[in-house]
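Novice: Going by numbering that gives the first Met the number 0, the first residue of the sequence shown is number 0, and it counts up by one from there. We put the CB at the ideal spot given by N, CA and C, even for glycine. This structure is a prediction, so every number in the text was calculated from the model and none was measured.
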Amino acid sequence: MIELRGKPVADAVSERVSRKVLRLKELGVSPALAIVRVGNRPDDLAYQRGATSRCEKAGIRVLPYEFDGDIVQERFLSEFSSIAGDKSIHGILLLHPLPRQIDIEEVKKIFPPEKDIDCMLDENSGRIFTGGDVMPPCTAQAVMELLEFYGVKLCGKHAVICGRSMVVGKPLSQLMLRENATVTVCHSRSENMSGITRGADIVVTAVGRAKMFGAEYFSPGQTVIDVGINTDDEGSLCGDVDFAAVSGIAEMITPVPGGVGSVTTAVLAENCVIAAERAAGKEK
Ligand code: NAP
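1) Shortest alpha-carbon distance to N191 belongs to which of F217, A209, A278, V255?
2) Does H186 pass the burial test, meaning 16 or more other C-beta atoms within 10 Å, or should it be called exposed?
3) For A243 versus T222, is the C-beta distance shorter than 8 Å?
4) Does the distance from the C-beta atom of F75 to that of V20 stay below 8 Å?
5) If the criterion is Cβ atoms closer than 8 Å, does the pair H157 and T138 meet it?
6) If the criterion is Cβ atoms closer than 8 Å, does the pair R53 and P254 meet it?
7) Please confirm whether any heavy atom of the ligand NAP lies closer than 7 Å to the CB of G84.
8) Below 7 Å, is the gap between the Cβ of G260 and the nearest heavy atom of the ligand NAP?
9) Which two residues bound the contiguous alpha helix (DSSP H) that contains I160?
10) Can you have a look at L26 and say buried or exposed, based on whether 16 or more other CB atoms are within 10 angstroms of its CB?
11) Looking at C-beta atoms only, is the number of pairs between the stretch 265-280 and the stretch 111-131 that lie closer than 8 Å three or more?
12) Just to confirm the assignment, what range does the alpha helix (DSSP H) spanning G245 have?
13) If you reduce the DSSP assignment to three classes, tell me which class G90 lands in.
In structure tokens, the structure reads:
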């Protein structure tokens, strides 16, 4: 079994990002990312820490905007509007879900599409389906980076994705289709899911259920990409796949932690730099 660790992939993406940042700085552009957080949800705090450290190492300026969890919508929209309008900010990461009193649809109306580096807006996510030029959601792109880095071929292969969210499953299905994989997407109503996954070449799990995928879901020779980030009964981080049970079957498998998650923040940094490059190109 080969463990597909995220660190070397993240390092390779980060190196590419650092080179792009240097080139931008030579042109007088200092790429900047705004991280907007409402409240103190532990997973938001963890993601913010990871993203900040990754971006700063690559030379991207990170500007944190932190608001109380009970901020009223009107005030938040006004604050978000000034962040959105700040020309020195190239990318905005809005940590979500937002508290109930804030209607995300209202925020999306004032979110500049060119600063949408995690593909939150419908007009950007729609382009993934039409094959347009767009920065895909960071996690979906992270899976693609990981597969490419480890030389896992998609063309002609059967990829099964478990989970159909707009941040992972659906966009990933389109990215894999672009690479000529045959893609099946499973979800909570899928029947005989273990039979479907057993027949795949590549299985991606993104359902958010700790260690749900045991040995019965897999067969020898497969590549398994575990996107899930969960906590098990002992309170430890784990994926959707029961790693101990499956590592003896799969040919290649990502660990959790240390797999896809570490690549996600590197892709976020790259998307921010792409946004800065596009903004610089427009200003010329
Ligand atoms: P989500 O929006 O809750 O979507 C979960 C998907 O899984 C849904 O499509 C759901 O089906 C499906 N599902 C749930 N239970 C199922 C079951 N028993 N059998 C089959 N399908 C089932 O979750 P998400 O935001 O995509 O996140 C999924 C996991 O990835 C979470 O653990 C999350 O923490 C992790 N994640 C990791 C990263 C990273 O950087 N590594 C980034 C984002 C998310 P229905 O559509 O039918 O409800």
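Specialist: With the structure as the only source:
1) F217
2) exposed
3) no
4) no
5) no
6) no
7) no
8) yes
9) No alpha helix (DSSP H) contains I160, which is instead part of the beta strand (DSSP E) from 157-161.
10) exposed
11) yes
12) For the sequence presented, residue 245 should be read as Val rather than Gly. Unbroken alpha helix (DSSP H) run through V245: 242-245.
13) strand
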